[in-house]
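Trainee:
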Amino acid sequence: MNIAYDAHLGLYIGEPETIKQDGTEKQRFYVTDNLATQKWRLIGDSGEYRSGSWYRWLLDPVSRTTNTIVGRTFRSYCSFFCSNGSDGEYYDTTVTSTATAPAPVDPRKAYTIGSGSGRYLAQVAGGSATTSRSSTGGSALATWVFSANGDGSYRIANASTGRLLGVDSSSTAGRAWAARPSVTAAPASGPTAGQQWFVLANTTSSGAPTGTFRLVNRYSGLVLGLSSTTNRLAETTPARAWTDTTGNSVGAARTATEQTLTLRAVSAPSTHLR
Numbered sequence: 432m433n434i435a436y437d438a439h440l441g442l443y444i445g446e447p448e449t450i451k452q453d454g455t456e457k458q459r460f461y462v463t464d465n466l467a468t469q470k471w472r473l474i475g476d477s478g479e480y481r482s483g484s485w486y487r488w489l490l491d492p493v494s495r496t497t498n499t500i501v502g503r504t505f506r507s508y509c510s511f512f513c514s515n516g517s518d519g520e521y522y523d524t525t526v527t528s529t530a531t532a533p534a535p536v537d538p539r540k541a542y543t544i545g546s547g548s549g550r551y552l553a554q555v556a557g558g559s560a561t562t563s564r565s566s567t568g569g570s571a572l573a574t575w576v577f578s579a580n581g582d583g584s585y586r587i588a589n590a591s592t593g594r595l596l597g598v599d600s601s602s603t604a605g606r607a608w609a610a611r612p613s614v615t616a617a618p619a620s621g622p623t624a625g626q627q628w629f630v631l632a633n634t635t636s637s638g639a640p641t642g643t644f645r646l647v648n649r650y651s652g653l654v655l656g657l658s659s660t661t662n663r664l665a666e667t668t669p670a671r672a673w674t675d676t677t678g679n680s681v682g683a684a685r686t687a688t689e690q691t692l693t694l695r696a697v698s699a700p701s702t703h704l705r
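Take the sequence shown: its letters are residues 432 to 705, numbered as in our numbering.
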């Protein structure tokens with residue numbers, strides 16, 4: 432069974448191979464709240480769509496590359512013994528359940544975004560770059576407003592400028608290790624893939640929430656990290672659960688606490704978000 436985290440449901444979702452493998456069965460979908468316990472329950476099937484489903488995987492239709500986190504709608508891929516004898520295809524699947532993940536933030540409030548390493552995300556005054564500070568200094572440039580996109584992802588706007596936090600999704604540079612987030616205006620058509628984020632709650636091995644979060648960029652699948660290191664005050668890197676002690680320039684002594692974020696409500700937003 433292939434598995435992804437469904438941010439819309441706040442659960443892990445999985446789809447196994449069909450039993451008969453003859454192209455006549457519906458594709459079933461199961462969910463669990465904890466991969467350590469493996470307690471799966473059936474939530475639905477593919478309806479009229481039938482396949483043999485030798486190999487399957489899920490993909491986020493917005494980034495078109497991320498297969499570890501999906502939203503309300505996702506692409507369900509099949510390889511070999513698919514519908515009508517096809518050797519490969521995908522179809523869009525939408526989860527219509529009203530039992531969605533509880534909102535991690537209040538859209539009516541502004542929040543500071545602080546890391547376990549004691550840094551706070553801020554927009555650089557007079558520009559689009561981001562940085563991290565040792566304190567917010569009470570500045571609106573260091574506060575952020577979260578708005579739900581309705582599918583499990585969020586827009587994160589700076590409370591002072593109203594611009595959206597993100598990475599450049601017009602090129603592969605936005606997906607590179609250590610890509611630096613910036614704060615830019617959203618297009619008239621809505622936020623780009625790089626301006627969308629999944630807000631994932633950290634939990635213990637038993638599934639209990641710790642009260643901290645990771646912010647995963649929808650375009651790159653990389654995680655926001657904040658540190659006091661001059662050349663990487665704010666960056667996006669692969670999810671980390673350990674401290675690098677190799678001494679090499681790739682890990683660069685990065686720690687898990689740089690990505691372990693606390694969202695603290697400080698006020699109502701003071702600007703018209705755009």
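Where is the CB? At the ideal position from N, CA and C, for every residue including glycine.
Along the chain, where does the beta strand (DSSP E) that runs through residue 614 open and close?
Mentor: Start and end: 613–615.
Trainee: So for residue 545, helix, strand or coil by DSSP?
Mentor: Reduced to three states, the DSSP call for residue 545 is strand.
Trainee: Based on the DSSP secondary-structure assignment, which residues constitute the bridge partners of residue 650?
Mentor: Answer is none; residue 650 lacks a bridge partner.
Trainee: Among 606, 446, 644 and 581, which one has its Cα closest to the Cα of residue 529?
Mentor: Among 606, 446, 644 and 581, the Cα nearest to that of residue 529 is on 581.
Trainee: Measuring alpha carbon to alpha carbon, tell me which residue in 648, 694, 505 and 467 is nearest residue 585.
Mentor: The candidate whose alpha carbon is nearest that of residue 585 is 648.
Trainee: Quick one, which of 560, 597, 568 and 563 has its alpha-carbon nearest residue 577's?
Mentor: That would be 597, whose Cα lies nearest to the Cα of residue 577.
Trainee: Verify whether the separation of the beta carbon atoms of residue 440 and residue 562 is less than 7 angstroms.
Mentor: No, they are not a contact pair.
Trainee: Going by the beta-carbon positions, is the gap between residue 605 and residue 599 smaller than 7 angstroms?
Mentor: Against a cut-off of 7 angstroms, the Cβ pair of residue 599 and residue 605 comes out as a contact.
Trainee: In this structure, how does DSSP classify residue 572 when only helix, strand and coil are distinguished?
Mentor: In the structure shown, residue 572 sits in a helix (DSSP, three-state: H, G or I).
Trainee: Report buried or exposed for residue 472, applying the criterion of at least 16 other Cβ atoms within 10 angstroms of its Cβ.
Mentor: Under this definition residue 472 is an exposed residue.
Trainee: Kindly indicate which three-state DSSP category residue 448 falls into: helix, strand or coil?
Mentor: Coil, per DSSP.
Trainee: Measure the CB-CB distance between residue 615 and residue 574 and report whether it falls below 7 angstroms.
Mentor: It is not a contact, given that the beta carbons lie outside the stated cut-off.
Trainee: From the DSSP output, which residues share a beta bridge with residue 470?
Mentor: According to DSSP, which records beta bridges pairwise, residue 470 is partnered with nothing at all.
Trainee: Could you check the C-alpha separation between residue 631 and residue 687 for me, to the nearest Å?
Mentor: Roughly 15 angstroms separates the two Cα atoms.
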